[in-house]
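Enquirer:
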């Protein structure tokens, strides 16, 4: 039962994000008399500095983080995998150039590059996705490149080559299925990374703008009222930690399950 | 050995050059006009053109790039759009604070991770092992902008032990260093554990035990020493995470370092300053990694003596 908890938390997060709009929510409703009030019937997480219900905003923030995580992980995984596979498969000068580019991207502390990019692009959820995708593809590219390098001389690939199969078909049909497992594990950790990074950008004021909500911007607003209304930081902080912890744990579980090598060692 | 050093140095230089180029391109290709920011939207077109020419922004991109690199070689990073002071001068004021914070966080991380990881490895599969790895996982999963405010709430506001923010005296360093060091400590303790587990299976550890050395001496003198080598290399890579985290941590605690400066520069659209901050942090990262690689080569006789030269 406890083993399924990480996946359970991720499912709850996704459901809240996808169907949150169906629950009667009113994240922008202002109740002036309730400014900074704590938990009570009808608003179990209390109210924020403008008198808005925190639970409703938390659900809105779940949508933001889920949207960003899905966007960033799918874009960077697809682009990164394509670049990495192409680089390794064709080799030669192309591989040389791409490896250099990967090295240069790895030389930036990635969150710093994302901060600078988001700052230059300006606020907004699309720009957050762009900024984070620009820095995240590198991990997938490096992984896919390494895997393809070790697989491309396998017999089944040679057989396909001998039959006259084109390079793209070989990559998609004969190589991609073999490197899926580590890529999926990487993507799971990527979800945790994207959620933290989105909240981080929003915390710095570079992410989504009001009246939209992000767990990061909620935390930032809350830091000004720490002493009188700690729930403003605690609620989004706990939500954020729960999702990130769940994604990290789920990634660990997947790795143990999918990684043939480590499964072999354990037995 | 010399060949190794030279090739490592050369590739580091190449990466730094690439980093400079990418930073330049990002800033110049992305929409947003610094002249408009400086003069405001109501400025006369003639004034805009004059300022554009004065800043060299009317030249073709490749000429600007050449000027930029020419300036870099002379340590001229341009002038801040807002304060009108040399960027290098502003950076110089802020560097000591960030170095202080980074070193303190490193110290926090090592003094937590070394005992935690070692104990976990020595008693593998015990409750201690499981417990410390759970603590490490939580440490990795709690972002510093959640941990920071929590620390302020508990240790500054409720208990009143440390100042809430700013940089005045030793006390003000403790909370930022703990905030920034915790994530690193978690990653590091996992690394120490993994590396030590590998070393504990080596022949020389068995030999040390077989000749009757006390267990403490076997662990600390023979095993840990050898286990730390790969950790040192990984520590260099983690420095990037540390420097990136410094941007957020410095913002939380109003710590007057490079990180806070970066955010201020982004918010005021001070492009030369943003460019310089990103460049400084990235170059530091590249240089430290090149140095750790070299140190690793020097410390490990297999690398030092293996490659002739």
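Residue numbers (my numbering), protein chains in the order written: chain A, 412 to 678; chain B, 2 to 310. Glycine included, every Cβ here is placed at the ideal spot set by N, Cα and C.
1. Of all Cβ atoms in chain B, is any one closer than 7 Å to the Cβ of residue 599 (chain A)?
2. Residue 241 (chain B) touches chain A at which residues, Cβ-Cβ below 7 Å?
3. With a threshold of 16 other CB atoms inside 10 Å of the CB of residue 558 (chain A), please say whether the residue is buried or exposed.
4. How about residue 154 (chain B): is its C-beta nearer than 7 Å to some C-beta of chain A?
5. Does the Cβ of residue 261 (chain B) have 16 or more other Cβ atoms within 10 Å, making it buried, or fewer, making it exposed?
6. Report yes or no: do the stretch 54-61 of chain B and the stretch 9-19 of chain B share at least 3 C-beta pairs separated by less than 8 Å?
7. Grab me the residues of residue 122 (chain B)'s own chain with a C-beta within less than 6 Å of its C-beta, minus the 5 sequence neighbours each way, in chain order.
8. For the ligand ADP, is there any heavy atom lying closer than 6 Å to the beta carbon of residue 158 (chain B)?
9. Whose C-beta lies closer than 6 Å to the C-beta of residue 187 (chain B) among residues of the same chain, with five residues either side of it excluded?
10. Could you name the residues of the same chain whose beta carbon sits closer than 7 Å to that of residue 178 (chain B), not counting the 5 residues immediately before and after it, in chain order?
11. So if DSSP puts residue 215 (chain B) in a beta bridge, which residue, or which two residues, is it bridged to?
12. To the nearest angstrom, how far is it from the Cα of residue 676 (chain A) to the Cα of residue 192 (chain B)?
13. Relative to chain A, which residues along the stretch 222-241 of chain B have a C-beta separation below 9 Å, given in chain order?
14. Measure the C-alpha to C-alpha separation of residue 41 (chain B) and residue 49 (chain B) and round it to an integer number of angstroms.
15. For residue 212 (chain B), count the other beta carbons within 10 Å of its own beta carbon; 16 or more makes it buried, fewer makes it exposed. Which is it?
16. So which residues on chain A does residue 196 (chain B) lean against when the C-beta distance must stay under 7 Å?
17. Mind pulling the chain A residues with CB within less than 8 Å of residue 146 (chain B)?
18. State yes or no: is the C-beta of residue 88 (chain B) within less than 7 Å of the C-beta of residue 244 (chain B)?
19. Check each residue of the stretch 521-543 of chain A: if its Cβ is closer than 9 Å to any Cβ of chain B, include it; give the result in chain order.
20. Suppose you measure from the CA of residue 716 (chain A) to the CA of residue 589 (chain A); what does that come to, to the nearest Å?
21. Kindly list, in the order they appear in chain A, the residues whose Cβ is closer than 7 Å to that of residue 175 (chain B).
22. Quick check on the DSSP output: the alpha helix (DSSP H) that includes residue 268 (chain B) runs from which residue to which?
23. Helix, strand or coil for residue 636 (chain A), going by three-state DSSP, please let me know.
24. Using a C-beta cutoff of 7 Å, does residue 140 (chain B) count as contacting chain A?
25. Using 7 Å as the limit for Cβ to Cβ distance, is residue 164 (chain B) near chain A?
26. Would the stretch 268-283 of chain B and the stretch 73-80 of chain B be scored as touching if the rule is three or more Cβ pairs under 8 Å?
27. Kindly indicate which three-state DSSP category residue 623 (chain A) falls into: helix, strand or coil?
28. What residues from the stretch 97-113 of chain B come within 8 Å of chain A, judged by C-beta to C-beta, listed N to C?
29. Going along chain A, which residues have a C-beta under 7 Å from residue 158 (chain B)?
30. If you draw a straight line from the alpha carbon of residue 252 (chain B) to that of residue 650 (chain A), how long is it in whole angstroms?
31. From residue 669 (chain A) to residue 593 (chain A), what distance separates their C-alpha atoms?
32. Could you tell me which of A:662, A:632, A:481, A:609 sits nearest to residue 465 (chain A), measuring between CA atoms?
33. Going straight from the alpha carbon of residue 246 (chain B) to that of residue 424 (chain A), what length do you get?
34. What whole-angstrom Cβ distance do residue 627 (chain A) and residue 610 (chain A) have, given they're in contact under 8 Å?
35. Ends of the alpha helix (DSSP H) at residue 442 (chain A)?
36. Which residue marks the beginning of the alpha helix (DSSP H) containing residue 491 (chain A), and which one marks its end?
Expert: The structure says:
1. Numbered from 1 along the first chain, position 188 holds the residue referred to as residue 599 (chain A). Against chain B, the CB of residue 599 (chain A) has no partner CB under 7 Å away; the residue lies outside that interface.
2. Translated into the one-based positions of the second chain, residue 241 (chain B) becomes position 240. The answer, in chain order, is 520.
3. Along the first chain, one-based indexing puts residue 558 (chain A) at 147. Counting every other CB atom within 10 Å of its CB across the protein chains shown gives residue 558 (chain A) a total of 16 or more, marking it as buried.
4. Walking along the second chain from the start, residue 154 (chain B) turns up at place 153. Residue-level contact by beta carbon holds for residue 154 (chain B) and chain A, with a gap shorter than 7 Å.
5. Within the second chain, numbered from 1, the residue matching residue 261 (chain B) stands at position 260. Around the beta carbon of residue 261 (chain B), 16 or more other beta carbons sit within 10 angstroms, so the residue counts as buried.
6. Flag = no, the stretch 54-61 of chain B and the stretch 9-19 of chain B do not touch.
7. For this step, residue 122 (chain B) is matched to residue 121 along the second chain. In the same chain as residue 122 (chain B), and ignoring 5 residues on each side of it, the C-beta atoms closer than 6 Å to its own belong to 194, 197, 198, in chain order.
8. Here there are no bound small molecules, and the ligand ADP is not part of this structure.
9. Start at 1 with the first residue of the second chain, and residue 187 (chain B) comes out as number 186. Cβ within range, chain order: 137, 140, 141.
10. Residue 178 (chain B) sits at position 177 when you count from the first residue of the second chain. The residues are 102, 105, 106, 109.
11. Against the second chain, residue 215 (chain B) aligns to sequence position 214. In the DSSP assignment, no residue is bridged to residue 215 (chain B).
12. Stepping through the first chain from its first residue, residue 676 (chain A) is reached at position 265. Stepping through the second chain from its first residue, residue 192 (chain B) is reached at position 191. For residue 676 (chain A), the predicted model reports a pLDDT of 40, less than 50, meaning its position is unreliable and no value from the coordinates is stated.
13. Of all residues in the stretch 222-241 of chain B, 238, 240, 241 have a Cβ within less than 9 Å of some Cβ in chain A.
14. Numbered from 1 along the second chain, position 40 holds the residue referred to as residue 41 (chain B). Numbered from 1 along the second chain, position 48 holds the residue referred to as residue 49 (chain B). For the pair residue 41 (chain B) and residue 49 (chain B), the Cα-to-Cα distance works out to about 10 Å.
15. Along the second chain, one-based indexing puts residue 212 (chain B) at 211. Looking at its Cβ environment, which holds fewer than 16 other Cβ atoms inside 10 Å, residue 212 (chain B) is exposed.
16. In the second chain, counting from the first residue as 1, residue 196 (chain B) sits at position 195. Chain A residues near residue 196 (chain B): none, gap ~17 Å exceeds 7 Å.
17. Working through the second chain from its first residue, we reach residue 146 (chain B) at position 145. In chain order: 610, 611, 614, 627, 630, 631.
18. Taking the second chain and counting its residues from 1, the one referred to as residue 88 (chain B) is at position 87. Taking the second chain and counting its residues from 1, the one referred to as residue 244 (chain B) is at position 243. Judged by beta-carbon spacing, residue 244 (chain B) lies beyond the 7 Å limit of residue 88 (chain B), meaning their Cβ atoms are not closer than that value.
19. Of all residues in the stretch 521-543 of chain A, those with a C-beta nearer than 9 Å to a C-beta of chain B are 521, 522, 523, 524, 525, 526, 527, 528, 529, 530, 531, 532, 533, reading in chain order.
20. The structure shown does not extend to residue 716 (chain A), since chain A spans only 412 to 678, so no value can be given for it.
21. Residue mapping note: residue 175 (chain B) aligns to position 174 of the second chain, counting from 1. Under the 7 Å cutoff, chain A gives no residues; its nearest Cβ is about 18 Å from residue 175 (chain B).
22. Start at 1 with the first residue of the second chain, and residue 268 (chain B) comes out as number 267. That run of the alpha helix (DSSP H) goes 259-268.
23. Indexing the first chain from 1 puts residue 636 (chain A) at position 225. Correct three-state label for residue 636 (chain A): coil.
24. On the second chain, position 139 is the one that residue 140 (chain B) refers to. Not an interface residue.
25. Here residue 164 (chain B) refers to the residue found at position 163 when the second chain is read from its first residue. No, its Cβ sits nowhere closer than 7 Å to a Cβ of chain A.
26. With the cut-off at 8 Å, the stretch 268-283 of chain B and the stretch 73-80 of chain B touch.
27. Taking the first residue of the first chain as 1, we reach residue 623 (chain A) at position 212. In this structure, DSSP gives residue 623 (chain A) a state outside helix and strand, which the three-state scheme calls coil.
28. Listed in sequence order: no entries.
29. Along the second chain, read from residue 1 onward, the residue named residue 158 (chain B) stands at position 157. Neighbours of residue 158 (chain B) on chain A, chain order: 637, 638.
30. Within the second chain, numbered from 1, the residue matching residue 252 (chain B) stands at position 251. Within the first chain, numbered from 1, the residue matching residue 650 (chain A) stands at position 239. C-alpha separation (whole angstroms): 22 Å.
31. As a working mapping, residue 669 (chain A) is identified with position 258 in the first chain. As a working mapping, residue 593 (chain A) is identified with position 182 in the first chain. The alpha-carbon atoms of residue 669 (chain A) and residue 593 (chain A) are separated by roughly 8 Å.
32. Here the question's residue 465 (chain A) lines up with position 54 in the first chain. The shortest C-alpha separation from residue 465 (chain A) is found at A:632.
33. As a first step, residue 246 (chain B) is located in the second chain; it is residue number 245 there, counting from the start. As a first step, residue 424 (chain A) is located in the first chain; it is residue number 13 there, counting from the start. Between residue 246 (chain B) and residue 424 (chain A), the C-alpha separation is close to 26 Å.
34. The residue you call residue 627 (chain A) lines up with position 216 of the first chain. The residue you call residue 610 (chain A) lines up with position 199 of the first chain. In this structure residue 627 (chain A) touches residue 610 (chain A) by the C-beta definition: roughly 3 Å separates them, less than 8 Å.
35. Mapped onto the first chain, residue 442 (chain A) falls at position 31. Where residue 442 (chain A) is concerned, there is no enclosing alpha helix (DSSP H), given that its DSSP letter is neither H nor E.
36. Stepping through the first chain from its first residue, residue 491 (chain A) is reached at position 80. Counting along the chain, the alpha helix (DSSP H) containing residue 491 (chain A) begins and ends at 465-501.
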